[in-house]
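Line by line, the protein sequences are chains A and B. Going by my numbering, the first sequence opens with residue 23, and the numbers climb by one from there. Going by my numbering, the second sequence opens with residue 51, and the numbers climb by one from there. Note that the Cβ used here is the ideal one computed from N, Cα and C, for glycine as well. These numbers were taken from a predicted model, which means no experiment stands behind them.
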Amino acid sequence: EAGVTQFPSHSVIEKGQTVTLRCDPISGHDNLYWYRRVMGKEIKFLLHFVKESKQDESGMPNNRFLAERTGGTYSTLKVQPAELEDSGVYFCASSHPRTEQYFGPGTRLTVT
Amino acid sequence: GQNIDQPTEMTATEGAIVQINCTYQTSGFNGLFWYQQHAGEAPTFLSYNVLDGLEEKGRFSSFLSRSKGYSYLLLKELQMKDSASYLCAVNRGNTPLVFGKGTRLSVIA
């Protein structure tokens, strides 16, 4: 069974530019989560999809972040325009209901 | 608010036993996860405790006391490959996990 995949693995962009991160969950997992780890801090929740619906987006920092999961399969997270403080590692995870979450390898975003 | 505490760093000798503690104060509790994360890689699932007591899985064991808001991960017969960050995370139900900052374990010869 293929695991959670994320693309790109690393992205370096300038302040003000736009970046789109992609996550492909494990096939059949309805639950999809986005998390972020800023240097030196803990992994923090951004939002949660159940199929194509946003179940909880209380962790989204501001309206520069937009997440979608059209069709309930893969998800994208767009940051527009990017700011310096958006730098960090963005993890995606997926799961069946009420079971352990499987994490992707993360996308390391560097905003210069 | 949500608060999960674990030591920042630990060092242990190859072949030894190490215990990584985690204390938590969260609004809601359905269980506690331990994940292992090697640098630059995805966190990988180690254990999940829902009820009080010790769960053993090979060289790794995890303990939970819900009344004390306390868990630990016990690693036996340490190997060099066990050098990694160990993340404690609370499951509050069908909601996202709340993570601690992680404990960076260094195994030395």
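In the structure shown, Met60(B) falls within a strand segment according to DSSP collapsed to helix, strand and coil. Taking 7 Å as the threshold, the shortest C-beta distance from Tyr136(B) to chain A does not fall below it. Between the alpha carbons of Gly65(B) and Gln77(A) lies a distance of about 45 Å. By the neighbour-count definition (other C-beta atoms within 10 Å, threshold 16), His118(A) is an exposed residue.
A straight-line Cα-Cα distance of about 6 Å links Leu137(B) and Gly150(B). By DSSP's assignment, Thr76(B) forms no beta bridge with any residue. Taking 7 Å as the threshold, the shortest C-beta distance from Gly150(B) to chain A falls below it. Contact between the segment 96–106 of chain B and the segment 86–96 of chain A is not established, with fewer than three Cβ pairs separated by less than 8 Å. Neighbours of Gly126(A) in chain B, taken as residues at a C-beta separation under 7 Å, are given in chain order as Ala92.
Contact between the segment 65–74 of chain B and the segment 122–139 of chain B is present, with at least three C-beta pairs closer than 8 Å. A straight line joining the alpha-carbon of Gln75(B) with that of Tyr120(B) spans about 9 Å.
Identification of chain A residues near Leu82(B) by a Cβ-Cβ cut-off of 8 Å yields none; the smallest Cβ-Cβ distance measures about 11 Å. Within chain A, the residues Glu122 have their CB atoms less than 7 Å from the CB of Tyr98(B), given in chain order.
In this structure, Leu114(B) lies away from Trp84(B), with their beta-carbon atoms at least 7 Å apart. Residues of chain B with a Cβ closer than 7 Å to the Cβ of His118(A) do not exist; the shortest Cβ-Cβ separation is about 11 Å. Here Ala89(A) is bridged, per DSSP, to Leu99(A). Residue pairing by DSSP places Thr40(A) opposite no residue, since no beta bridge is assigned to it. Counting the other Cβ atoms within 10 Å of the Cβ of Ala24(A) gives fewer than 16, which makes it exposed.
What Phe110(B) touches in chain A, judged by beta-carbon distance under 8 Å, is nothing: the nearest beta carbon there is about 15 Å away.
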